[in-house]
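The numbering of the sequence shown is my numbering, which starts it at 20 and goes up by one. Just below is one structure, and these are the notes that go with it.
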Amino acid sequence: MLDYGLTDEQTAIRDLAREIAEKELRPVAAQYDVSGEFPWPVVKTMADADLFRTFIPEEYDGIAGGSPTLNLCLVTEELSRACAGIALSLCGTALGAMPILLSASEAQKRRYLPDIAAGKRLAAFALTEPEAGSDAGGIRTTALKDGDHYVLNGTKQWITNGGDAEVYTVIGLTNPKKGPRGASFFIVEKGTPGFTFGKKEDKMGIRASSTRELHFADCRVPAENLIGREGTGFITAMRTFDASRPGVGAQALGIAQGALDLAVAYACERRQFGSPISAFQGLRFSLANMATQIEAARALIYATARHIDRQPKERPTMYSAMSKLFASDMAVQVALDAQQVFGGYGYMRDYPIEKYLRDAKITQIYEGTNQIQREEISKILVGEQIARKR
Ligand SMILES: Cc1cc2nc3c(=O)[nH]c(=O)nc-3n(C[C@H](O)[C@H](O)[C@H](O)COP(=O)(O)OP(=O)(O)OC[C@H]3O[C@@H](n4cnc5c(N)ncnc54)[C@H](O)[C@@H]3O)c2cc1C
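And the structure:
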């Protein structure tokens, strides 16, 4: 592997995640993929190994050591290499914790982050609604002030860790007349009266991850659970995506690396025409292309994550979007090509490779589809050009 300048601590975190992935995730990946159950025993093992602490600062019982974003990418990559679905219990929690990490008060951080760091309480991030996907500004959930509470009404759709998480960061309109400028984030705890869940979605991939609707019907949330000031919800959402999209890239990277590992091993084992299929140049070139694409994604993701950790005040929007875009398109192509290496066996569920293709697909869709990432990148490019001409 290339020397990416990881510190001893970062290397130790990556190695630990790799060990947990190989020992605890890989052996049960197929089982949870079939059952679609939430992998609680594995979550407990990941928590006991302190993996949830890796993206939380020390003051809140974490071990981030100044590189929460890079740590999260390293952990996500390694876990996803074995099972992207199980990995999402941790990545979805990091996403759910992000508005708290970025914008919450000291009291809110002290109240929620230590339990998240310990893996005692999982978190979830709730933005998407049935009528507001790519057009996130079209949300309709309301959060109207009533004395010392806000009253939430509306539906959030396809929320990762939905139903299994205890802590939800939810965006709603505190001033519906202002549209997105009147949106605010709240911390909503599972069990709050008026807060219920829809059915668990039956998905193509990442089946060990739970995805549910959240329903709010006159759900009264204490005013102290407002994150930041009223009207800052969309700023928090955008800053969350800036920080979390390299993590989606890392998930895609891990899936692609896992698929390539399997393809190389199979190519060296499977014999046709009297020799291993790895002897055939047509197939070797495909493996070479996969490895090259994977390394390019890794370099972009690590550089972006390190930049975010070192320059927390700068908006890394374009590079975060590029990390997610490049790695997820790459992962889908690599998983497809890796499946091809397996020939007909690759089409059978008895072999683990087809799961990688099913798991890879979602990385092109969530946290903004890849069309939306291209929109964001090109908006910045064009904006910079216009500014230069002025
Ligand atoms: C398994 C899963 C887990 C998820 N987890 C979460 C979660 O934890 N929290 C959360 O808030 N959300 C979550 N989501 C929602 C996810 O972020 C949205 O699905 C995604 O943003 C796309 O929205 P949409 O599905 O409504 O697609 P739409 O917005 O309806 O888009 C449909 C198609 O039109 C394209 N399109 C739309 N607008 C444009 C445009 N301006 N230019 C070009 N093309 C465009 C899209 O790229 C897409 O191809 C999850 C979704 C899934 C499937």
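Ideal placement from N, C-alpha and C gives every residue a C-beta, glycine not left out.
Taking the C-beta atoms as reference points, valine 240 is found no nearer than 9 angstroms to isoleucine 274. Look at serine 342: its beta carbon is at least 8 angstroms from all of the heavy atoms in ligand 1. The DSSP-derived three-state label of arginine 129 is helix.
Taken in chain order, the stretch 259-335 contains no complete beta strand (DSSP E) segment of 3 residues or longer. Pairing glutamine 352 with glycine 166, the inter-Cα distance amounts to about 53 angstroms.
Counting only the Cα atoms, glycine 224 lies some 7 angstroms from isoleucine 381. Glycine 217: member of the beta strand (DSSP E) spanning 214-219, first to last residue. With contacts defined by Cβ atoms closer than 9 angstroms, glycine 81 and leucine 25 do not form a contacting pair.
Check the Cα spacing between serine 263 and each of Glu249, Ala315, Leu107: the tightest is with Leu107.
The closest heavy atom of ligand 1 lies 8 angstroms or more from the beta carbon of alanine 346. A distance below 6 angstroms between beta-carbons, with the five flanking residues on each side excluded, links arginine 45 to the following residues of its chain, in chain order: Ala101. Comparing C-alpha distances from leucine 281 to each of Ile372, Ala184, Ala322 shows the shortest one belongs to Ile372. Arginine 409 carries a coil assignment under DSSP once its states are collapsed to helix, strand and coil. Spanning the alpha carbons of threonine 179 and lysine 139 requires a straight line of approximately 17 angstroms.
Using a 10 angstroms sphere on the CB of tyrosine 366, the tally of other CB atoms stays under 16, which defines it as exposed. DSSP, reduced to helix, strand and coil, places glycine 387 outside both helices and strands of the structure shown, so it counts as coil. The three-state secondary structure of aspartate 356, taken from DSSP, is helix.
The alpha-carbon of threonine 73 is positioned some 8 angstroms away from that of alanine 136.
Each residue's CA atom was taken as its position, placing glycine 181 and proline 335 some 28 angstroms apart. A contact between stretches requires three or more CB pairs, one per stretch, nearer than 8 angstroms, and the stretch 285-294 fails this requirement with the stretch 335-348. Here glycine 84 carries a coil assignment [DSSP, helix/strand/coil]. Along the length of the stretch 228-254, whole beta strand (DSSP E) runs at least 3 residues long occupy 230-241, reported in chain order. Counting C-beta pairs closer than 8 angstroms gives three or more between the stretch 33-45 and the stretch 89-105, which meets the contact rule.
Annotation: glutamate 395 to arginine 290 spans about 47 angstroms, alpha carbon to alpha carbon. According to the DSSP assignment, alanine 66 belongs to no beta strand (DSSP E) but to the alpha helix (DSSP H) extending over 59-67. A distance below 7 angstroms between beta-carbons, with the five flanking residues on each side excluded, links alanine 143 to the following residues of its chain, in chain order: Gly111, Gly115, Ile178, Thr179, Asn180, Gly181, Ala184, Tyr187. Around the beta carbon of threonine 255, 16 or more other beta carbons lie within 10 angstroms, which makes this residue buried. Straight-line spacing of the CA atoms in alanine 66 and alanine 49 works out to 21 angstroms. Not one heavy atom of ligand 1 falls within 8 angstroms of the beta-carbon of alanine 316. With a cutoff of 9 angstroms on beta-carbon distance, cysteine 238 and leucine 319 are scored as not near each other. Taking all protein chains shown into account, alanine 123 has 16 or more neighbouring C-beta atoms within 10 Å of its C-beta and is therefore buried. Distance check between aspartate 369 and each of Asp34, Gln392, Asp52, Arg33 places Asp52 closest, using alpha-carbon atoms only. For phenylalanine 144, the shortest C-beta to heavy atom distance toward ligand 1 is below 8 angstroms. Two segments are said to touch when three or more pairs of C-beta atoms, one from each, lie closer than 8 angstroms; by this definition the stretch 215-230 touches the stretch 377-393.
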